[in-house]
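Below is one structure; the comments refer to it alone.
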Amino acid sequence: MTSRATSRAAAEDIVRAALRGFAPQAEIETLGVDVALRSTLELDSIDFLTFVERLSAASRRIEESEYPRLATIRSCVDFITDDAERTVTDRVGDT
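Going by numbering that gives the first Met the number 0, the sequence shown opens with residue 0, and the numbers climb by one from there.
Structure (structure tokens):
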């Protein structure tokens, strides 16, 4: 199992990769982890759904009720890593 720091770093890479194409690469690389993604990158609803689909493909299905958890890079990383930790905990509890 990898460390939490590595997992969070990998999750941040996933989030930034999912944002590619919505802004210049340099802007995405320097985007602060706590800025509002939709307003900062001017994502309309179709752009946001595309972003969600990309995240979903890299992690797991994301329900519409979970969309508010995808407001910033940090909250997206939290969402991805919390889910990964919960899955590991569930597996340990099954043994």
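Every residue, glycine too, gets a C-beta built ideally from N, C-alpha and C.
For clarity, every value in this text was computed on a predicted model and none was experimentally measured.
Three-state secondary structure assigned by DSSP to residue i
i	result
residue 97	Summary: the structure shown does not reach residue 97, with the chain confined to residues 0 through 94, and so no result is reported for it.
residue 48	helix
residue 7	helix
residue 14	helix
residue 74	helix
residue 55	helix
residue 28	helix
Rounded distance between the beta-carbons of residue j and residue i, thought under 8 Å
i	j	result
residue 13	residue 61	Their Cβ separation, rounded to whole angstroms, is 12 Å, which puts residue 13 and residue 61 out of contact at 8 Å.
residue 97	residue 50	A question about residue 97 goes unanswered here, because the residues of the chain that appear run from 0 up to 94.
CA-to-CA distance, residue j to residue i, given in whole angstroms
i	j	result
residue 37	residue 74	13 Å
residue 67	residue 54	14 Å
residue 20	residue 8	21 Å
residue 23	residue 31	14 Å
Per-residue burial, residue i [other beta carbons within 10 Å of its own, 16 or more giving buried]
i	result
residue 39	exposed
residue 76	buried
residue 71	buried
residue 10	buried
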